[in-house]
Amino acid sequence: MDKLVYGGIGAVLGAVATTAVFLALPDNPAPAEVDEFVAMQPLTEVEQAEEDRFLDLNLGAEDTPAVEPLENAQNVPYASCEKPPELIAYLGKPGNATFARRRDLHSYLTATNVLATKDCTCTGKVLPVSTLMAFEKRMMETAGVTKLEDLVTQNYYDEAHTMRWQIEDLCGGRI
Numbered sequence: 009m010d011k012l013v014y015g016g017i018g019a020v021l022g023a024v025a026t027t028a029v030f031l032a033l034p035d036n037p038a039p040a041e042v043d044e045f046v047a048m049q050p051l052t053e054v055e056q057a058e059e060d061r062f063l064d065l066n067l068g069a070e071d072t073p074a075v076e077p078l079e080n081a082q083n084v085p086y087a088s089c090e091k092p093p094e095l096i097a098y099l100g101k102p103g104n105a106t107f108a109r110r111r112d113l114h115s116y117l118t119a120t121n122v123l124a125t126k127d128c129t130c131t132g133k134v135l136p137v138s139t140l141m142a143f144e145k146r147m148m149e150t151a152g153v154t155k156l157e158d159l160v161t162q163n164y165y166d167e168a169h170t171m172r173w174q175i176e177d178l179c180g181g182r183i
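Position one of the sequence shown corresponds to residue 9 (this note's numbering), numbered consecutively onward.
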């Protein structure tokens, strides 16, 4: 019981001391004065070249070959295409490594198929799940891995992202 009484007294004394400190502070403190102004020195040529290289945003679109737009492309955005239930089940739910790997491979295959067939409709953008399964199996064998989670697929995703620009030019709109 003594601990409770002493703890309560300590809390009240702490609150009173904190209030006293805050009441003693001025309402509008003066800003700290700067004694000297430090001017930024101009960059040397080497530093400027490195700064320009760092700030150069290279999205890879310059390296991709130009694609002529299709007449009457009938572009249908992938998001509005109906996906087969097998594909949805095979891709799985977002949030794990398996989904991420399959998404990367699927994006790559979709982009490759649209460019190869020049089909901007859902037929060219939605592939059968068997195609994805066969591609996944071949990539795992080539990489020498037994689990999909061990397969490095970021390069496929990057390539699909680059091809996306070509597809947008080809189809006349978003993939």
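Quick reminder that beta carbons are idealized off the backbone N, C-alpha and C, glycines included.
C-alpha gap between residue i and residue j, whole angstroms
i, j, result
"Gln174", "Ala57", "31 angstroms"
"Val13", "Val20", "11 angstroms"
"Gly103", "Ala25", "50 angstroms"
"Glu157", "Glu167", "19 angstroms"
"Thr131", "Ala151", "30 angstroms"
"Lys133", "Glu59", "40 angstroms"
"Leu31", "Ala105", "55 angstroms"
"Leu159", "Met148", "6 angstroms"
"Gln82", "Arg172", "16 angstroms"
"Ser138", "Pro92", "12 angstroms"
"Ala87", "Glu176", "14 angstroms"
"Ala97", "Asn80", "33 angstroms"
"Val84", "Tyr165", "21 angstroms"
"Arg146", "Leu51", "51 angstroms"
"Lys101", "Ala74", "35 angstroms"
"Gly15", "Gly22", "10 angstroms"
"Thr187", "Asn163", "With the chain represented from 9 up to 183, any question about residue 187 goes unanswered, as that position is not in the structure."
"Asp10", "Thr27", "26 angstroms"
"Gly18", "Gln49", "55 angstroms"
Status (buried if at least 16 other CB within 10 Å, exposed otherwise) for residue i
i, result
"Ala124", "exposed"
"Arg61", "exposed"
"Cys89", "exposed"
"Asp112", "buried"
"Arg182", "exposed"
"Leu140", "buried"
"Thr161", "buried"
"Glu94", "exposed"
"Arg53", "The sequence given here has Glu at residue 53, not Arg. Glu53 is exposed by the Cβ-count criterion."
"Glu55", "exposed"
"Glu76", "exposed"
Contacting residues, own chain, Cβ-Cβ under 8 angstroms from residue i (five flanking each side not counted)
i, result
"Leu78", "Lys126, Cys128, Leu178, Cys179 and Gly180"
Same chain only: Cβ atoms within 7 angstroms of residue i, ignoring 5 sequence neighbours per side
i, result
"Leu99", "Phe107, Arg110, Arg111 and His114"
"Leu135", "Leu117, Thr118 and Asn121"
"Phe143", "Leu113 and Leu117"
Secondary structure, alpha helix (DSSP H): runs of 4+ residues fully inside the region 96-138: 105-125 and 130-133
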